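Novice:
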Amino acid sequence: DIHMTQSPSTLSASLGDRVTITCRASQSISNWLAWYQQKPGKAPKLLIYDASSLQSGVPSRFGGGGSGTEFTLTISSLQPDDFATYYCQHYKNDLYTFGQGTKLDIK
Amino acid sequence: QLHLQESGPRLVKPSETLSLTCSVSGASLTSNSYYWGWIRQPPGKGLEWIGFITYSERTNYNSSLESRVTISLETSTSQFYLTLNSVTAADTALYFCACALGPTTGIDYWGQGALVTVSS
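Protein chains in written order, with our numbering: chain A, -9 to 97; chain B, 1114 to 1233.
1) Suppose you measure from the CA of B:T1167 to the CA of A:D95; what does that come to, to the nearest Å?
2) Along the beta strand (DSSP E) that carries A:A15, what are the first and last residues, could you check?
3) Could you name the residues of chain A that B:F1193 contacts, counting a contact when the two beta carbons are closer than 8 Å?
4) Shortest alpha-carbon distance to B:G1226 belongs to which of B:C1135, B:G1139 and B:L1115?
5) In chain order, what residues of the same chain have a beta carbon less than 7 Å from the beta carbon of A:S98, not counting five sequence neighbours either side?
6) From A:L63 to A:T92, what does the alpha carbon distance come to, in whole angstroms?
7) State the Cα-Cα distance for the pair A:R8 and A:K97, rounded to the nearest angstrom.
8) To which residues does DSSP link B:A1213 through a beta bridge?
9) Whole angstroms are fine: how far does the CA of A:A3 sit from the CA of B:Y1194?
10) Could you check what DSSP says for B:S1221 in three-state terms: helix, strand or coil?
11) Suppose you measure from the CA of A:N83 to the CA of A:G6; what does that come to, to the nearest Å?
12) Would you call B:E1187 buried or exposed, if buried means 16 or more other Cβ atoms sit within 10 Å of its Cβ?
13) If you drop the 5 nearest sequence neighbours on each side, which residues of the same chain put their C-beta closer than 7 Å to that of A:G56?
14) I want to verify the contact list: residues of chain B whose CB lies under 7 Å from the CB of A:T87, in sequence order.
15) Leaving aside the five residues before and after B:S1144 along the sequence, list all residues of the same chain whose C-beta is less than 7 Å from its C-beta, in chain order.
16) Taking only the alpha-carbon atoms, compute the straight-line gap between A:Y26 and A:Y39 and give it to the nearest angstrom.
17) If you draw a straight line from the C-alpha of A:S46 to the C-alpha of B:L1133, how long is it?
18) Do A:F52 and A:L68 have their beta-carbon atoms positioned less than 7 Å apart in this structure?
19) Along the stretch 1195 to 1217 of chain B, where does the CB come closer than 7 Å to a CB of chain A? Name the residues.
20) Quickly, what does DSSP pair A:D95 with across the bridge? List them, please.
21) Are B:G1159 and A:Q79 touching if we call contact CB-CB under 7 Å?
22) Do B:L1115 and B:Y1222 have their C-beta atoms closer together than 7 Å?
23) DSSP beta-bridge partners for A:Q69?
24) Which two residues bound the contiguous beta strand (DSSP E) that contains A:G56?
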């Protein structure tokens, strides 16, 4: 099974900051990676797929990058609505695994 | 717009079977390339993929749950199902049904989730 590791587990930042979350896969997954945002008590929301493709309707301040085993999610200028938990997920070979999550809170 | 809604018992006794239904509107379960799946989230913890089923009833499951889980679908009622056998307290979680529009799109649509508690 492919294991996904996110870092950091928690991240404190201020409005307007640029932040980056990293996701590492235990083996190469090409670009078969998605990123989600989740708020308490709600379903996750798809932000990025295929490592860098922005889902329709997602603000352009969200960006994804990487391939192989290392990936990033960058938020260019934090807005109030962005404070949430973020998950990466691979979908190589029709099997899915999520990272453990990164909680982004207000400094 | 595709909409998903979970239903089923919210309290299950240890050693018994958890059964949930996902009702789908806005799309057909026979839609080519769609993946219909289940994901769960224990209270205060992260997301865990359970498995999915395709329009052709091909299934894939999380290896850690494979011996206890079955996902099936019924096209005539636009519903798909989750059964999880021999549950323990560790299976207490918010269970989401979800849909990926293809094998490389990520999970595009989610239900609101159903909290299932395993307790005697």
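For every residue, glycine included, the Cβ atom is placed at its ideal position computed from N, Cα and C. None of the values given here were measured: they were computed from a predicted structure.
Specialist: In brief:
1) 37 Å
2) Per DSSP, the unbroken beta strand (DSSP E) holding A:A15 starts and ends at V9 to A15.
3) Correct list: empty, because the minimum Cβ distance to chain A is about 16 Å.
4) Out of B:C1135, B:G1139 and B:L1115, B:C1135 has the C-alpha closest to the C-alpha of B:G1226.
5) Any answer about residue 98 of chain A is impossible in this case: the structure gives chain A only from -9 up to 97.
6) Each residue's Cα considered, the two are about 11 Å apart.
7) 13 Å
8) B:Y1148
9) 41 Å
10) The identity of residue 1221 of chain B in the sequence shown is Asp, whereas the question assumes Ser. Looking at B:D1221 - three-state DSSP - the assignment turns out to be coil, as it is neither helix nor strand.
11) Cα to Cα, A:N83 sits roughly 38 Å from A:G6.
12) exposed
13) A41 and T62
14) Residues of chain B with a Cβ closer than 7 Å to the Cβ of A:T87 are, in chain order, W1162.
15) Y1168
16) 9 Å
17) 30 Å
18) Judged by beta-carbon spacing, A:F52 lies beyond the 7 Å limit of A:L68, meaning their Cβ atoms are not closer than that value.
19) F1209, P1216 and T1217
20) A:S2
21) no
22) yes
23) Looking at the DSSP assignment, A:Q69 forms no beta bridge with any residue, so it has no partner.
24) F52 to S57
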